[in-house]
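Here the sequence shown stands for residues 266 to 485, where the numbers follow this note's numbering. C-beta atoms are modelled at their ideal positions from N, C-alpha and C, and glycine is treated no differently. What follows is one structure encoded as structure tokens, with my remarks underneath.
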Amino acid sequence: MVVPAAGDAAAAAAALMGETADAGGSVVLTGGSTPRDAYELVAARHSDWGGVDVWFGDERHVPTSDSRSNQLLAREALLDRLVVPPTVHPIRTELPAVDAAAEYDAELAGEPLDLVLLGLGPDGHTASLFPGMPALDERERLAVATPPGLEPFVERVTLTIPALESGAHVVFLVVGEGKAEAVRRAFADEPSPRTPASLVRSLNGRTTVILDEAAAALLP
Numbered sequence: 266m267v268v269p270a271a272g273d274a275a276a277a278a279a280a281l282m283g284e285t286a287d288a289g290g291s292v293v294l295t296g297g298s299t300p301r302d303a304y305e306l307v308a309a310r311h312s313d314w315g316g317v318d319v320w321f322g323d324e325r326h327v328p329t330s331d332s333r334s335n336q337l338l339a340r341e342a343l344l345d346r347l348v349v350p351p352t353v354h355p356i357r358t359e360l361p362a363v364d365a366a367a368e369y370d371a372e373l374a375g376e377p378l379d380l381v382l383l384g385l386g387p388d389g390h391t392a393s394l395f396p397g398m399p400a401l402d403e404r405e406r407l408a409v410a411t412p413p414g415l416e417p418f419v420e421r422v423t424l425t426i427p428a429l430e431s432g433a434h435v436v437f438l439v440v441g442e443g444k445a446e447a448v449r450r451a452f453a454d455e456p457s458p459r460t461p462a463s464l465v466r467s468l469n470g471r472t473t474v475i476l477d478e479a480a481a482a483l484l485p
């Protein structure tokens, strides 16, 4: 799905999240700067998230009050704005990263994920699955600890490919010309561990890619 501008991409992602929230489904949130507008939009238009389960695709191993925290972003832009809140499943960064990942892995076991929202880094990473990292080879665990692949250089907890691809609807939200090369590699070229996002697609559902025109500029 290619839309004219970043604001249109945020609105499209917000609409999909709103549909899932209205149905009482489960949503996996992403971090980074791109989804903030989508979170604010869906909070304004769909303020009742009762019955929804919220998970996180990855987290930097920092306190949840730290400005680098994905969970802080989600609270500020979405969760604290809702009239009826969801059940939130936090990644407990007060634990060592390995322990936090093991706890999240156990909590995720058997849980359906209805909508998995993902971003795309300029290096082709998604969640905290970075090129060349051992986490790309994980096929049993649903969450693992992993070193950083780019700034901020802090340890991460990330969902693995098996967890992400279990989503009934996997949605990539990508905007900006700085992502155009990564978009081409992730969605037009052959899948490769050099571009981790190219390895993540819904196994039994659907995958939607929301791009603004700048991000889609190098697609064939």
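- In the DSSP annotation of this structure, the continuous segment of the alpha helix (DSSP H) that includes Thr285 starts and ends at Ala271 to Asp287.
- Taking the C-beta atoms as reference points, Gly322 is found no nearer than 8 Å to Val353.
- In the structure shown, Glu442 adopts helical secondary structure according to DSSP, grouped into three states.
- If you look at Asp318, you'll find it in the beta strand (DSSP E) that goes Asp318 to Phe321.
- When DSSP states are grouped into helix, strand and coil, Glu405 belongs to the coil group.
- For Val435, the closest C-alpha among the options Asp454, Gly289, Thr295 and Val363 is that of Thr295.
- Between Phe452 and the set Glu442, Gly443 and Val465, the nearest pair of CA atoms involves Val465.
- In the structure shown, Asp388 adopts coil according to DSSP, grouped into three states.
- With contacts defined by Cβ atoms closer than 8 Å, Leu407 and Pro387 do not form a contacting pair.
- Less than 8 Å separates the beta-carbon of Val327 from that of Thr358.
- In the structure shown, Leu306 adopts helical secondary structure according to DSSP, grouped into three states.
- When C-beta atoms of the region 267-275 are compared with those of the region 464-483, three or more pairs fall below 8 Å, so the two segments count as touching.
- The alpha-carbon separation between Ala280 and Val307 amounts to approximately 7 Å.
- Every beta strand (DSSP E) of 3 residues or more that sits fully in the region 316-366 is shown, in chain order, as 318-321 and 323-325.
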